[in-house]
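A.B. asks: First the structure, which I've put down as structure tokens, then a few questions once you've had a look.
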Amino acid sequence: MDFDKDYYRALEISHTATAEEIKRAYRALARRFHPDASDEPNAAERFRKIQAAYEILGDQRQRGAYDRKRREMGLLPTEDAALAWELTVSRQTLPCIKEEQVLYLMVDIRPAAAMGASRLPLNLCLVVDRSTSMQHGRRMDQVKAAAHQIIDDLREGDAFSVVTFHDTAEVVVPAHLGGDKIQAKAKVSAIRPRGGTEIYQGLMTGMQELNRRRRLKAVNHMILLTDGQTYGDEQDCIALADDARRQGVGISAFGIGEDWNDKLLDTIATRSGGVSAYIDTAARVRRLLRRRVRGLSKTHVQDLKLTLRFHESARLDEAFKLSPYIQRVDTSASDRLSLGALEADRPLSVLLQILVGSQPPGRQRILQLETGGDTSIGGEQGQRLVQELWFHCVENLTSESEVPANLVSALGKLAIFKMQENAYDALDIGDTNKACQKLEVMATNLLARGELELANAARLEAGRLARTGSLSPTGRKKIKYGTRSLMINDTGGLR
Amino acid sequence: MIECPSCGRQHRPGTLFCSECGVYLPTGGPLRTEPLPEEELPASRANPWATGAGEAEAAEKTAMLRVIMGESGRQVQLPVVSEIYLGRLDAAHGIFPDLDLTADGGLEGGVSRRHAKIHQKGNRFFIEDVGSANGTFLNGQRLTPYLPHPLQQGDEVQLGKLELSVEFD
Chain A
105 MDFDKDYYRA LEISHTATAE EIKRAYRALA RRFHPDASDE PNAAERFRKI QAAYEILGDQ
165 RQRGAYDRKR REMGLLPTED AALAWELTVS RQTLPCIKEE QVLYLMVDIR PAAAMGASRL
225 PLNLCLVVDR STSMQHGRRM DQVKAAAHQI IDDLREGDAF SVVTFHDTAE VVVPAHLGGD
285 KIQAKAKVSA IRPRGGTEIY QGLMTGMQEL NRRRRLKAVN HMILLTDGQT YGDEQDCIAL
345 ADDARRQGVG ISAFGIGEDW NDKLLDTIAT RSGGVSAYID TAARVRRLLR RRVRGLSKTH
405 VQDLKLTLRF HESARLDEAF KLSPYIQRVD TSASDRLSLG ALEADRPLSV LLQILVGSQP
465 PGRQRILQLE TGGDTSIGGE QGQRLVQELW FHCVENLTSE SEVPANLVSA LGKLAIFKMQ
525 ENAYDALDIG DTNKACQKLE VMATNLLARG ELELANAARL EAGRLARTGS LSPTGRKKIK
585 YGTRSLMIND TGGLR
Chain B
1057 MIECPSCGRQ HRPGTLFCSE CGVYLPTGGP LRTEPLPEEE LPASRANPWA TGAGEAEAAE
1117 KTAMLRVIMG ESGRQVQLPV VSEIYLGRLD AAHGIFPDLD LTADGGLEGG VSRRHAKIHQ
1177 KGNRFFIEDV GSANGTFLNG QRLTPYLPHP LQQGDEVQLG KLELSVEFD
């Protein structure tokens, strides 16, 4: 790799070109300058340069290394260096038909450059349920150990606070900047379980602590840990989550054991832009919490936006985030989707289901995509990527091109996720038969994919549902959180 | 509108997975194993107890299994680590059999995507039909699904209409 050479110029492309564009440019140039076929002067010399350029730029990893070095040398502009993306469509050529057709678009967004030492400071608040049930199975001990771990991992400039709640809330460790770690840990150790569970109290006090240290250029985040149902304050909790998002505070909600309200915690997390998780045994508390805090400290973009500008007769049907787990994206703001945080070493994948109406033959523009958000290393302006999507529309589509394997794999898992959604929706309106049938179909599909454990759980719960009319609390959570995590072990969908 | 070949539900053109039954629509039809007419398959059923399925277990060691395809003559050597699945590859549904019989005429021969499995217990090999559409036959006798049946050196195995012979050492 020769950093003094401009490989992009050799291929006559911009440094923002996608992998697809690079390949296309290389093929065209290689044909033109192939020494055996070309009459161009210096064809052999040009051909060699084109080859050399493609060897680097055609390889994702080598290209990254080349870009980084060139950027350091000031030879590549930095203003659009923070984000990169890859777009995958289910078909490049559309048949001209009257009825609406479905087009799938997968968008993988990742930080373009290594973040290096730059890291947004954290402003974290741990909101811990200390109702009596937390004594069960050493839950509280594990939570305390996890809190100690977080305190140990804090860096200069990070703010941290701990709030506990039962029927009232209290501040155990007030928000402080890099204060006395030993003292903070001692206070956490002294927490004793008592009373019932009122989540809203905890969230509200948590917000107050976060607000004391809230900064624009920081990751302001609340982590809620609970093992119980809350009674009567669900609506207040959801309103607070909406409010938190407006103030730039995300809430991650962790439910321990079987008795907590998965719907409420998922809603709090989704509305605020955080994540939710199911912790089946107390022993996993530490690992999950630590992973969450690490993820937060690697935040590259706080709230990534994806803007869709459709041309005539095309529209968005559904949108799903595929990482860190499958999640419906709120499409009520029609063209502007909020995707939440983008972590430095984890690409964010979104799958869009688009409906395309009747198109005239020829090359047609379907939509313009734009993504952006404030990055940790970018300037005030943040960073944008824009791309226009064109499609060939033909009267008689004779041969169907192959659908990219990663898209097929992701859609297959999404289909199972939707079945689970349908089953639980049916259950909510009391349609036990439909829910049962959906669970059975799910089990078959899971089995066909080798997801034996999950398939088994679905089959078991379908049987229980038919006999008793309800799911077991454990089964309900196992299936829900297992299904949405189908994408995690899949290297095809998330790379 | 396009129709799901498996459950008949209507979908917009371009849809890839059936929301009702989860079938991959572009290939949903041919990927399914079509039942073969009865007269094309052997009739009698095998008795799993006849050849000593209940024998005492000997020390297990990893053995090599050789499968020879009747039609193409292709030979495949497989180590019997735990279980060997025989069937047809279907990446869209994440079905990856250890031995993919697509290239040996598996689809035309009525081989299911998950057809049969072979495993070792003690020093014996067992074959088991895993609920295939067209059945597994051992020396011309149909095996009861999900019931392991002992394999002998040089046994003729038939998956649907596809013939194989099995050797091991």
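If you're matching them up, the sequences are chains A and B in order.
My numbering numbers the first residue of the first sequence as 105 and each following residue consecutively.
My numbering numbers the first residue of the second sequence as 1057 and each following residue consecutively.
Each residue gets a CB set at the ideal place from its N, CA and C atoms; glycine is no exception.
Please read all numbers here as calculations on a predicted model, not as lab measurements.
List, in chain order, every chain B residue whose beta-carbon is nearer than 7 Å to that of residue 527 of chain A.
C.D. replies: Per Cβ cutoff of 7 Å: no residues; residue 527 of chain A is ~12 Å from chain B at best.
A.B. asks: Can you give me the C-alpha to C-alpha distance between residue 215 of chain A and residue 545 of chain A, rounded to a whole angstrom?
C.D. replies: If I take the Cα positions, the gap works out to 38 Å.
A.B. asks: With a threshold of 7 Å between beta carbons, is residue 323 of chain A in contact with chain B?
C.D. replies: No, because no Cβ of chain B sits closer than 7 Å to the Cβ of residue 323 of chain A.
A.B. asks: Any C-beta of chain B within less than 9 Å: which residues of the region 202-233 of chain A qualify?
C.D. replies: Listed in sequence order: 203, 204, 205, 206, 207, 208.
A.B. asks: From the DSSP output, in three-state form, read off residue 1190 of chain B for me.
C.D. replies: Three-state DSSP puts residue 1190 of chain B in coil, outside helix and strand.
A.B. asks: Note down the Cα distance separating residue 109 of chain A from residue 177 of chain A, rounded to an integer number of angstroms.
C.D. replies: Computed Cα separation, rounded: 12 Å.
A.B. asks: Got a sec, what are the start and stop residues for the alpha helix (DSSP H) residue 512 of chain A sits in?
C.D. replies: Element bounds for residue 512 of chain A: 509-532.
A.B. asks: Going by C-alpha to C-alpha distance, which of A/562, A/358, A/267, A/489 sits closest to residue 520 of chain A?
C.D. replies: Nearest option by C-alpha distance: A/562.
A.B. asks: Reducing DSSP to helix, strand and coil, say where residue 389 of chain A ends up.
C.D. replies: In the structure shown, residue 389 of chain A sits in a helix (DSSP, three-state: H, G or I).
A.B. asks: Pick from A/574, A/466, A/255, A/492: whose alpha carbon is nearest that of residue 229 of chain A?
C.D. replies: Considering only alpha carbons, the answer is A/255.
A.B. asks: Under the three-state reduction of DSSP, which class applies to residue 587 of chain A: helix, strand or coil?
C.D. replies: Helix at residue 587 of chain A.
A.B. asks: Under the criterion of a Cβ to heavy atom distance below 6 Å, does residue 443 of chain A qualify as lining the ligand ATP?
C.D. replies: You won't find the ligand ATP in this model; it holds no ligand whatsoever.
A.B. asks: Give a yes or no on whether 7 Å exceeds the smallest Cβ distance from residue 552 of chain A to chain B.
C.D. replies: At least one chain B Cβ lies under 7 Å of residue 552 of chain A.
A.B. asks: Take residue 202 of chain A as the anchor and find which of A/590, A/511, A/302, A/418 has the nearest alpha-carbon.
C.D. replies: Nearest option by C-alpha distance: A/418.
A.B. asks: Looking at chain A, is there any beta carbon in it that lies within less than 7 Å of the beta carbon of residue 1198 of chain B?
C.D. replies: No, residue 1198 of chain B lies away from the interface with chain A (no Cβ there is under 7 Å from its Cβ).
A.B. asks: How about residue 622 of chain A: is its C-beta nearer than 7 Å to some C-beta of chain B?
C.D. replies: In the structure displayed, chain A extends from 105 to 599; residue 622 of chain A sits before or after that span and is not available.
A.B. asks: Checking 7 Å against the spacing of the C-beta atoms, do residue 1121 of chain B and residue 1136 of chain B come in under that value?
C.D. replies: A contact, by the Cβ cut-off of 7 Å.
A.B. asks: Contact criterion: CB-CB distance below 7 Å. Does residue 193 of chain A meet it with respect to chain B?
C.D. replies: Chain B contact via Cβ: absent.
A.B. asks: Within 7 Å of any Cβ in chain B, is that where the Cβ of residue 519 of chain A sits?
C.D. replies: So yes, residue 519 of chain A belongs to the interface.
A.B. asks: Grouping DSSP H, G and I as helix and E and B as strand, with all else coil, what is residue 1172 of chain B?
C.D. replies: Residue 1172 of chain B falls in the strand class under three-state DSSP.
A.B. asks: Can you list, in chain order, the residues of its chain whose CB lies under 6 Å from that of residue 491 of chain A, leaving out five sequence neighbours each side?
C.D. replies: Taken in chain order, the residues that qualify are 473.
A.B. asks: For a quick check, are the C-beta atoms of residue 237 of chain A and residue 162 of chain A less than 7 Å apart?
C.D. replies: Contact: no.
A.B. asks: For residue 229 of chain A, report the span of its beta strand (DSSP E) as first-last.
C.D. replies: That run of the beta strand (DSSP E) goes 226-233.
A.B. asks: Let me check understanding here. Comparing Cα to Cα, which of A/422, A/258, A/428, A/233 lies closest to residue 361 of chain A?
C.D. replies: Comparing Cα-Cα distances from residue 361 of chain A to each of A/422, A/258, A/428, A/233, the minimum goes to A/233.
A.B. asks: Determine which residues of the region 496-507 of chain A have a Cβ less than 8 Å from any Cβ of chain B, and write them out in chain order.
C.D. replies: If the cut-off is 8 Å between Cβ atoms, the region 496-507 of chain A has 504, 507 near chain B.
A.B. asks: Taking the C-alpha atoms as reference points, what is the distance between residue 513 of chain A and residue 591 of chain A?
C.D. replies: If I take the Cα positions, the gap works out to 9 Å.
A.B. asks: For the beta strand (DSSP E) holding residue 425 of chain A, just list the boundary residues, first then last.
C.D. replies: That run of the beta strand (DSSP E) goes 418-425.
A.B. asks: In the DSSP output, which residue or residues are listed as bridge partners for residue 497 of chain A?
C.D. replies: In the DSSP output, where bridge partners are listed per residue, residue 497 of chain A has A/198, A/466.
A.B. asks: Along the chain, where does the beta strand (DSSP E) containing residue 430 of chain A start, and where does it finish?
C.D. replies: Note, residue 430 of chain A: premise wrong, no beta strand (DSSP E); not H, not E.
A.B. asks: Pull out every residue of the region 539-568 of chain A whose Cβ sits closer than 7 Å to any Cβ of chain B, in chain order.
C.D. replies: Per Cβ criterion, the list reads 545, 549, 552, 553, 554.
A.B. asks: Taking Cβ-Cβ distances shorter than 7 Å, what residues in chain A pair up with residue 1061 of chain B?
C.D. replies: Result: empty, since nearest Cβ-Cβ is about 15 Å, beyond 7 Å.
A.B. asks: Do residue 543 of chain A and residue 527 of chain A come within 7 Å of each other at the CB atom, strictly closer than that value?
C.D. replies: Yes.
A.B. asks: Select from A/127, A/128, A/148 the residue whose C-alpha is nearest the C-alpha of residue 137 of chain A.
C.D. replies: The shortest C-alpha separation from residue 137 of chain A is found at A/148.
A.B. asks: Just the C-alpha distance for residue 565 of chain A and residue 469 of chain A, rounded to the nearest angstrom, thanks.
C.D. replies: Computed Cα separation, rounded: 47 Å.
A.B. asks: Taking only beta-carbon positions, decide if residue 1135 of chain B is within less than 7 Å of chain A.
C.D. replies: Answer no: the Cβ-Cβ gap between residue 1135 of chain B and chain A never drops below 7 Å.
A.B. asks: Can you tell me the Cα-Cα spacing of residue 114 of chain A and residue 128 of chain A, whole angstroms?
C.D. replies: Going by the C-alpha atoms only, they are around 13 Å apart.
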